[in-house]
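Here's the structure, in structure tokens; my notes come after.
Protein chains: 2
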Amino acid sequence: MTDTPGYRPLYRQVYDIIVRKVAQGVWRPGTSLPSEQSLAREMGVSQGTMRKVLDALTAENLLERRQGKGTFIAENTQERALFRFFRLARPGGKRLTPERVDETVKVRVARAAERTKLDLARGERVVEIVRTRLIEKRPAIRELIILPAALFPGIEKRPSLPNSLYSLYQSEYGINIVAAHEELSAQLATAEDQQLLEISEGDAVLVIERLAVSLQERKVEWRASRVRCSDLVYAVTLN
Amino acid sequence: MTDTPGYRPLYRQVYDIIVRKVAQGVWRPGTSLPSEQSLAREMGVSQGTMRKVLDALTAENLLERRQGKGTFIAENTQERALFRFFRLARPGGKRLTPERVDETVKVRVARAAERTKLDLARGERVVEIVRTRLIEKRPAIRELIILPAALFPGIEKRPSLPNSLYSLYQSEYGINIVAAHEELSAQLATAEDQQLLEISEGDAVLVIERLAVSLQERKVEWRASRVRCSDLVYAVTLN
DNA sequence: GAGTGGTCTAGACCACGCA
DNA sequence: GCGTGGTCTAGACCACTCT
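Residue numbers (the numbering used here), protein chains in the order written: chain Z, 319 to 557; chain C, 319 to 557.
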């Protein structure tokens, strides 16, 4: 029951068509779209309306437009994807990038909590990824990542995973992450935190739980990160 | 040296004029603007261009448009301002609202760190506000707030402060907060935290440092909040 | 110079709120 | 029924990129 509008503006319909084409992989990331003019003709709308659509999609990071060149499906390059969702920085603002150090990947049946988070049915399988990440050569983040196995066939057989998983999701599995809901809290470091993040007893860690949502509005990844925050902060700007 | 564009689109010029009028208080929050048509005539641009400007300002939360009624300068009502920048929630998503319980306000000379954060000169004075806030009747947040005294004359003499300070800044001092940069980290609760937030030794607290920026792009408020996070999280959505 | 997106215009008609 | 914002159109010209 999605709030029957009773009236659906043209530009909304065209918008949905384009989103669907990208979601279904008809248009691949990095490739260019036809020009504003030809798209407009093709879909039977005016150039002004088509422009409104393309501008909206650009604002939502799904497209990129470059004057004189064309309109392109946004690509989650390593750097881009990292900076888009990775919020850790030095106090004062300097952005940082993590390096992956080791990981274990396995497939197993989803637990109750995971089924709830990811809208899975009883008995469905998930991929579990556990990894530690370094920032400037020091252990900084312990991550537990849960994915619905059905969406990522064979991912556990890959020899290694890239630092930014979201570019992998996009290029290999056709899944575009467009939003992430994060919940942060503070906890006392556990014994395991102390060992793996090389911190002391009595230190606190920042715990970040993330639910990532795809273009098709499906809950695609659940992630819990435990962060050493001796000289790291989570930086965000609210508008 | 702001990146001389050498070319300044019409809509950008009009945009700046309107921002300036709001910033200078020519148009007051809550009041309505002239219609699109008359504004366009007044400024000598087409209605389409004026619409582009008004839509952009609406997207930035400076204006509100209501079909059939008109265009209004956005007002930081108590609720609005709270939900815009207050990110604490129950795990799982339920938004919460805090209540103020007590506060002390004094004016003093700025310390070095404060001068840096707020771009103040040596010897300038600041307002220091210390308060505790409750969530569902339990102490949840300890806040230290620093303001440049020059921007908030007489604020220390007010009998009490509202729960949402930003609506006060706007209505009484003509200062519109449009963005907040936040940096989060986790710390072990201090003895004072334990007492005032009613938590135990060895608990961790979430520390949120915020720098709030006004429409005139001036750094207007620096705030450090210490949050009991036994059943609270900081919730944010990244796009 | 040809092709792309970016800006700007002028005007028509639709949906909404209110008196 | 009038005035407001919301949608849609058709067309002109400007700025950027590449060849």
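All C-beta atoms, glycine included, are put in the ideal place defined by N, C-alpha and C.
query	result
Contact the region 451-461 of chain Z vs the region 386-400 of chain Z: 3+ CB pairs below 8 angstroms	no
Cβ-based neighbour list, C/ALA498, same chain, cut-off 8 angstroms, excluding 5 preceding and 5 following	PHE403, ARG528, LEU529, ALA530 and VAL531
Own chain residues within Cβ distance below 7 angstroms of Z/SER350, not counting five before or after	GLY388, THR389 and PHE390
Sufficient close CB pairs (3 or more, under 8 angstroms) joining the region 334-349 of chain C to the region 462-476 of chain Z	no
Test: Z/PRO409 CB closer than 8 angstroms to a CB of chain C	yes
Proximity below 8 angstroms, CB of C/GLY348 to CB of C/GLY492	no
Straight-line gap, C/PRO477 to Z/SER543 (C-alpha atoms, nearest Å)	44 angstroms
Pairwise C-alpha distance: C/LEU486 and Z/GLN512	45 angstroms
Those residues which DSSP pairs with Z/ASP420 across a bridge	Z/THR450
Assigned exposure category for C/THR322 - 16 Cβ within 10 Å defines buried	Because C/THR322 carries a pLDDT of 49, less than 50, the predicted location of this residue cannot be relied on, and the following value inherits that uncertainty. The residue in question, C/THR322, is exposed, as its Cβ has fewer than 16 Cβ neighbours within 10 Å.
Rounded C-alpha distance that separates C/ASN557 from Z/LEU533	11 angstroms
For C/ARG418 and C/ALA565, the rounded distance between their alpha carbons	A question about residue 565 of chain C goes unanswered here, because the residues of chain C that appear run from 319 up to 557.
Burial state of C/SER482, where buried means 16 or more other Cβ atoms lie within 10 Å	buried
At least three beta-carbon pairs within less than 8 angstroms, the region 354-371 of chain Z to the region 405-425 of chain Z	no
The region 442-458 of chain C contacting the region 422-432 of chain C, beta-carbon criterion three pairs below 8 angstroms	yes
Strand pairing of C/GLN505, partner residues [DSSP]	C/VAL523
Z/VAL444 burial status per 10 Å Cβ neighbour count (16 or more: buried)	buried
Unbroken beta strand (DSSP E) run spanning Z/THR395, endpoints	Note, Z/THR395: premise wrong, no beta strand (DSSP E); not H, not E.
Contact set for C/ILE453: own chain, Cβ-Cβ below 6 angstroms, skip 5 residues either direction	LEU414 and PRO416
Outcome for Z/TYR325 when other beta-carbon atoms lying within 10 angstroms are tallied against a minimum of 16	exposed
Pairwise C-alpha distance: Z/ARG433 and C/LEU372	44 angstroms
Burial state of C/MET319, where buried means 16 or more other Cβ atoms lie within 10 Å	Caution is warranted here: a pLDDT of 42 is assigned to C/MET319, below 50, making its placement in the model unreliable, and no coordinate value can be reported.
Chain-ordered neighbours of C/LEU524 on chain Z, where CB pairs are closer than 7 angstroms	LEU502, SER503 and ALA504
4-residue-minimum alpha helix (DSSP H) runs that sit fully inside the region 334-416 of chain C, ordered along the chain	354-361, 365-377 and 396-403
Cutoff 8 angstroms: Z/TYR552 Cβ touching any chain C Cβ	yes
C-beta contact flag for Z/ALA504 and Z/ASP521 at 8 angstroms	no
C-alpha gap between Z/ARG426 and Z/PRO466, whole angstroms	10 angstroms
Cβ-based neighbour list, Z/LEU524, same chain, cut-off 7 angstroms, excluding 5 preceding and 5 following	LEU502, ALA504, VAL545, CYS547 and TYR552
Cβ of C/THR320 within 8 angstroms of any chain Z Cβ	Note on C/THR320: pLDDT 42, under 50, position unreliable in the model; the coordinate value appears next. It does not: the Cβ of C/THR320 has no partner Cβ on chain Z nearer than 8 angstroms.
Three-state secondary structure (DSSP) of C/TYR552	strand
Sub-8 angstroms separation of Z/ALA374 and Z/TYR333 beta-carbons	yes
Contact set for Z/SER518: own chain, Cβ-Cβ below 7 angstroms, skip 5 residues either direction	GLN512
From C/SER353, C/GLY410, C/ALA392 and C/THR367, residue whose alpha carbon lies closest to that of C/GLY386	C/SER353
Per-residue burial, C/GLU539 [other beta carbons within 10 Å of its own, 16 or more giving buried]	buried
For Z/SER482, the three-state DSSP class (helix, strand or coil)	coil
Min CB distance Z/THR555 to chain C below 8 angstroms	yes
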